Ligand code: HEC
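Below, the structure is given as structure tokens:
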């Protein structure tokens, strides 16, 4: 037999308010799922792979500025293996160039901005990686 208070509750609930309650329950469940998911919920791919996907078409799989886009670019993409040239460029500039694009560091607009694709942590990791590629510092 149903408990009297349950009976009262179901009587007072219009179909619309029941639907809303379901929605709220769903939202609460979704929130709980988010809380339970490990953070970050999606593991970031290794930074070399990020380079291969987003940078290599211009900077080259060999990282030396000879990507497949080269013939179409009026400014040569930076050779990231150039120890001297890269060594003369501070980390902050590399970070800014990657995050905000070439124009932000008075270089060519052909170097796109990646701030909407890569988060700051990934860009910091990329700068570190570039230092390994150029064998020019840390
Ligand atoms: C559409 C082609 C293109 C893509 C894609 C591209 N770049 Fe560039 N990048 C350039 C060009 C061209 C330059 C040279 C700009 C100049 O010297 O004026 C450059 C320069 C740079 C520089 C040197 C900035 C400086 O201050 O000297 C860095 C660092 C760099 N790119 C990193 C990256 C990274 C990391 C990615 C991928 C996330 C990437 N680029 C993707 C074209 C590209």
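In the working numbering, the protein residues as written are 131 to 268.
All residues carry an ideal CB built from backbone N, CA and C; glycine is no exception.
Here the structure is a predicted model, which means the values were calculated and not measured.
Q.
Is residue 204 close to the ligand HEC? I mean its beta-carbon at under 6 Å from any heavy atom of the ligand.
A. no
Q: Closer than 8 Å by C-beta to residue 229: which residues in its own chain qualify, once you throw out the five before and the five after it? Chain order, please.
A: 243, 244, 245, 248, 250 and 253
Q) Is DSSP giving residue 171 helix, strand or coil here? A) Note that residue 171 scores 47 on pLDDT, short of 50, meaning its location in the model is unreliable; the coordinates nonetheless yield the value given after this. DSSP places residue 171 in coil when its eight states are reduced to three.
(Q) My parser needs the alpha helix (DSSP H) runs of 4 or more residues fully inside the segment 186–226; what are they? (A) 186–189 and 213–217
Q. If you compare alpha carbons, which of 186, 217 and 175 is closest to residue 262?
A. 217
Q: Keeping to the same chain, check which residues put their C-beta closer than 8 Å to that of residue 255; ignore five residues upstream and five downstream.
A: 177
Q) Does DSSP classify residue 256 as helix, strand or coil? A) helix
Q) Using a threshold of 6 Å, is the CB atom of residue 262 nearer than that to any non-hydrogen atom of the ligand HEC? A) no
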